[in-house]
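Everything in the sequence shown is counted per my numbering, starting at 33 for the first residue and increasing by one. The beta-carbon is built from N, C-alpha and C at its ideal position, and this holds for glycine as well. If you're wondering where the values come from, they're calculated on a predicted model, not measured in any experiment. One structure is given here, and the rest of the page talks about it.
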Amino acid sequence: EETAFTTGTGGQWLLSPNGRTVRISLDCTGFVRTIKTKGTIQKVFWSDGENEVTSKTSTEYSIPQGLIYAEIGVGYGRPGELLMVGSDTSTDLGILTVERQMGLLGVSSKMEICGKLSGRMMLEDGEQ
């Protein structure tokens, strides 16, 4: 299903060889968020108090257009029951990652964490 963040193209999923993590990939349209400070930053380390430097700052967080990966742990409960288990203190948290191109002409890449997710197992009959 197409949303403001996803393209509607079908995603894929893969269970890790040890059966402990499921990775889901979705095609996304990208996202940019700019956060600006309220007020100013004064007396930064190069300021000696005379000609005080005052600046406003902003930070931009972005998820590039392309594939985004959701990874969450899975485990086993009662016989025949799968459970979502995260690596965090909460039992159902996973991570969202994107591939960032780096280096000269983007010849290398690395997976970068861009968020968290929570998951729960849903059975075909709608039961959770």
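Helix, strand or coil at residue i [DSSP, three-state]
i, result
"G105", "strand"
"G138", "helix"
"G42", "coil"
"R132", "strand"
"G151", "coil"
"E33", "coil"
"E156", "coil"
N- and C-terminal bounds of the beta strand (DSSP E) containing residue i
i, result
"S57", "T53 to C60"
"T91", "S90 to I95"
"R65", "F63 to K68"
Under 8 Å between C-beta atoms of residue i and residue j
i, j, result
"L149", "L136", "no"
"E103", "T61", "no"
"G43", "I56", "yes"
Straight-line Cα distance separating residue j from residue i
i, j, result
"G40", "S90", "32 Å"
"G138", "E131", "11 Å"
"F37", "P111", "37 Å"
"C146", "V64", "12 Å"
"L47", "T69", "42 Å"
"E92", "L58", "23 Å"
"E34", "S140", "30 Å"
"M143", "G126", "15 Å"
"G107", "R152", "12 Å"
"I95", "E156", "32 Å"
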